[in-house]
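Peer 1: Under our numbering, think of the first position of the sequence shown as 175, with each following residue one higher.
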Amino acid sequence: MQDRFREECGIVGVFGHPEAANLVYLSLYALQHRGQESAGIVSAKDDILISHRALGLVADIFNEDIIRRLEGSAAIGHNRYSTSGQTLLKNTQPFVVEYGRGGLAVAHNGNLVNAVELREQLEGQGSIFQSNVDTEVIVHLMAASKGERTVDRVVAALSQVRGAYSLVFLTPHELIAARDPYGFRPLVLGRIQDKDSVVVASETCALDLIGATYEREVEPGEVLRVSASGVESFRPFPTAPRTSCIFEYIYFARPDSRVYDRNVYEVRKDLGRQLAREQPAEADIVIPVPDSGVPAALGFAEQARLPFEMGLIRNHYVGRTFIEPRDAIRHFGVKVKLNAQADVLRGKRVVVVDDSIVRGTTSKKIVQMLRHAGAAEVHMRISSPPTISSCYYGVDTPTSAELIASENSTEGIREFITADSLGYLSVRGTYNFLKNGEGNGFCAACFTGRYPVPVSDPGRTHQLVLFEAKER
Ligand code: SF4
175 MQDRFREECG IVGVFGHPEA ANLVYLSLYA LQHRGQESAG IVSAKDDILI SHRALGLVAD
235 IFNEDIIRRL EGSAAIGHNR YSTSGQTLLK NTQPFVVEYG RGGLAVAHNG NLVNAVELRE
295 QLEGQGSIFQ SNVDTEVIVH LMAASKGERT VDRVVAALSQ VRGAYSLVFL TPHELIAARD
355 PYGFRPLVLG RIQDKDSVVV ASETCALDLI GATYEREVEP GEVLRVSASG VESFRPFPTA
415 PRTSCIFEYI YFARPDSRVY DRNVYEVRKD LGRQLAREQP AEADIVIPVP DSGVPAALGF
475 AEQARLPFEM GLIRNHYVGR TFIEPRDAIR HFGVKVKLNA QADVLRGKRV VVVDDSIVRG
535 TTSKKIVQML RHAGAAEVHM RISSPPTISS CYYGVDTPTS AELIASENST EGIREFITAD
595 SLGYLSVRGT YNFLKNGEGN GFCAACFTGR YPVPVSDPGR THQLVLFEAK ER
């Protein structure tokens, strides 16, 4: 959907499989929702790394010939949505650099809050950067460290960075995966049993597609080294309170994935049930804003004992740009993606469930589309609390000033979107699906403004994070 947080990045690594690059390609395909601007794969064969990266979607970037050239039994891959740096080929990942015998490649999901300071320090010491994304800072810190083994250099570099990272590194003979001590971004470990191959990926939907079984999460603060001798696990960092991104459950992750050891679809349904308990509405039908609002709308309808209908149909084949007609059609941008079904909506009091409101402009257009299609009343329900603060941990959000809830009350937002009523899930209610009903273990800073890892200079961090914030 438009007018919302953008997805971040997807990463994957496969070790010990004769078709490693092909499996990484398929995994990136499954993780396409996490980033659509560029993708890349690096494979390891004998003593060299082979790389292919390009702007665009996975299916457009790779073909059989390219995959065949990415030889070797280990590979890593990355889907990028630019949370830092511009959309340029030089910023696509995995990064590949000269390192030891054969090189080093790295793919990153997350955002470092001290990347600007570290980069200035490194440049002061003579480092020359080839991109403007924060991941490259890690590579320079590795080069400056003294460890004998690559894994020691990874640990030395990561000991100096602050913020969010799930990472995969590849050298000709080993794959290293790491997750920050707070566990901001997801990372899972799986295996392809018959080949005894190891897979790490952002989400389990990638494992499912390539026939890998889910073993466990890579733990916050854990570093895994995968080589011909097997999988070694290290816990080199001081433990930190876990603060995994709750927005993975609300919007980012695919509903069929298991994230932080819970099925995302089930969590979203639970959020919808809780929303119905907290924000009931006198209505005839419940409809979702597809696709991401579907599970919460199902939960809402079930709890409220109202019929669930598809009152909005999404066009799944919309490209990133389209040519608008010269004579303006009202709400054209939204209409290209969503169409309201008059036969379902006519004369009905409608609850429309969405997962978030960012700027409010899309919600307003949706409400107006539903009315235009004949809805008698439109009650907007949101399966998360009001979004009041920007993210500094790897999700591309507008600045706080652009977030409608940072400056407006719920009533003010209702007026702006022209709904008959508007109800958000409470912060406490968001945690209801957790066994202890508390938010321990999660970052919810975009709802609370309480940042678990301090951002020393948000303006400068944003310089990197929001290089090109624009509405989708
Ligand atoms: Fe996730 Fe929001 Fe925290 Fe960013 S600020 S990590 S989007 S919960």
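Note that the Cβ used here is the ideal one computed from N, Cα and C, for glycine as well.
All values derive from a computational prediction rather than experimental measurement.
Please state if the CB of S563 and the CB of C617 are separated by a distance shorter than 8 Å.
Peer 2: In the sequence shown, the residue the question calls residue 617 occupies position 443. In the sequence shown, the residue the question calls residue 563 occupies position 389. No, these two residues do not count as a Cβ contact at 8 Å.
Peer 1: Residues bridged to R390 by DSSP?
Peer 2: Within the sequence shown, numbered from 1, the residue matching residue 390 stands at position 216. In the DSSP output, where bridge partners are listed per residue, R390 has L363.
Peer 1: Taking DSSP as the reference, what is the three-state secondary structure of E585?
Peer 2: Within the sequence shown, numbered from 1, the residue matching residue 585 stands at position 411. Looking at E585 - three-state DSSP - the assignment turns out to be helix.
Peer 1: Using the DSSP secondary-structure output, state which residues sit across from E551 in a beta bridge.
Peer 2: Residue mapping note: residue 551 aligns to position 377 of the sequence shown, counting from 1. E551 pairs with R523.
Peer 1: How big is the Cα-Cα spacing for G251 and D517?
Peer 2: Position 77 of the sequence shown, counted from the first residue, corresponds to residue 251. Position 343 of the sequence shown, counted from the first residue, corresponds to residue 517. Between G251 and D517, the C-alpha separation is close to 45 Å.
Peer 1: Any heavy atom of the ligand SF4 inside 7 Å of the beta-carbon of Y567?
Peer 2: Here residue 567 refers to the residue found at position 393 when the sequence shown is read from its first residue. Yes, the beta carbon of Y567 sits closer than 7 Å to at least one heavy atom of the ligand SF4.
Peer 1: If distances are taken between C-alpha atoms only, which option among V510, S580 and I461 comes closest to V552?
Peer 2: By 1-based counting over the sequence shown, the position of residue 552 is 378. Closest by alpha carbon: I461.
Peer 1: State buried or exposed for R353, treating a residue as buried only when at least 16 other CB atoms are found within 10 Å of its CB.
Peer 2: Counting from 1 along the sequence shown, the entry for residue 353 is found at position 179. Around the Cβ of R353, a 10 Å sphere holds 16 or more other Cβ atoms; the residue is buried.
Peer 1: Quick one: does the C-beta of F590 sit closer than 7 Å to a heavy atom of the ligand SF4?
Peer 2: By 1-based counting over the sequence shown, the position of residue 590 is 416. Answer for F590: no, Cβ out of range of the ligand SF4.
Peer 1: What did DSSP end up calling A619 once you bin it into helix, strand or coil?
Peer 2: For the purposes of this step, residue 619 is taken as the residue at position 445 of the sequence shown. It is helical.
Peer 1: Pair every Cβ in the region 407 to 416 with every Cβ in the region 366 to 386, then say whether three or more of these pairs are closer than 8 Å.
Peer 2: With a cut-off of 8 Å, the region 366 to 386 and the region 407 to 416 do not count as touching, because too few Cβ pairs lie within range.
Peer 1: Would you mind stating whether S580 and S574 have Cβ atoms separated by less than 8 Å?
Peer 2: As a first step, residue 580 must be located in the sequence shown, where it is residue number 406. As a first step, residue 574 must be located in the sequence shown, where it is residue number 400. Result yes, Cβ atoms of S580 and S574 sit closer than 8 Å.
Peer 1: Please tell me whether, using a cut-off of 7 Å, the distance from the CB of I302 to the nearest non-hydrogen atom of the ligand SF4 is below it.
Peer 2: On the sequence shown, position 128 is the one that residue 302 refers to. I302: no, Cβ never under 7 Å from the ligand SF4.
Peer 1: Unbroken beta strand (DSSP E) runs of length 3 or more, entirely within the region 455 to 479: which are they?
Peer 2: Qualifying beta strand (DSSP E) stretches, in chain order: 459 to 462.
Peer 1: Roughly how many angstroms separate the alpha carbons of S600 and S403, rounded to a whole number?
Peer 2: Walking along the sequence shown from the start, residue 600 turns up at place 426. Walking along the sequence shown from the start, residue 403 turns up at place 229. For S600 and S403, the distance between alpha carbons rounds to 49 Å.
Peer 1: Per the contact definition of three or more C-beta pairs closer than 8 Å, is the region 297 to 312 in contact with the region 266 to 286?
Peer 2: yes
Peer 1: Between V335 and V313, is the Cβ-Cβ spacing less than 8 Å?
Peer 2: In the sequence shown, residue 335 corresponds to position 161, counting from 1. In the sequence shown, residue 313 corresponds to position 139, counting from 1. Contact flag unset, no.
Peer 1: Comparing C-alpha positions only, which one of L381, L445, K219 and S319 sits nearest to L344?
Peer 2: Looking up residue 344 in the sequence shown gives position 170. Among L381, L445, K219 and S319, the Cα nearest to that of L344 belongs to K219.
Peer 1: Measuring from the CB of F607, is there a heavy atom of the ligand SF4 at a distance below 7 Å?
Peer 2: Against the sequence shown, residue 607 aligns to sequence position 433. Because no heavy atom of the ligand SF4 lies under 7 Å away, the Cβ of F607 does not count as near it: no.
Peer 1: Give the straight-line distance between the Cα atoms of P415 and P626, rounded to the nearest whole angstrom.
Peer 2: Residue numbering aside, residue 415 sits at position 241 when the sequence shown is read from its first letter. Residue numbering aside, residue 626 sits at position 452 when the sequence shown is read from its first letter. Spanning the two alpha carbons is a distance of roughly 9 Å.
Peer 1: Following the continuous beta strand (DSSP E) through V341, name the residue where it begins and the one where it ends.
Peer 2: Within the sequence shown, numbered from 1, the residue matching residue 341 stands at position 167. Looking at the sequence shown, residue 341 is not Val but Leu. Residues G337 to T345.
Peer 1: With 16 other CB atoms within 10 Å as the buried threshold, where does L640 fall?
Peer 2: Here the question's residue 640 lines up with position 466 in the sequence shown. A caution first: L640 carries a pLDDT of 31, below 50, which makes its placement in the model too unreliable to give a value.
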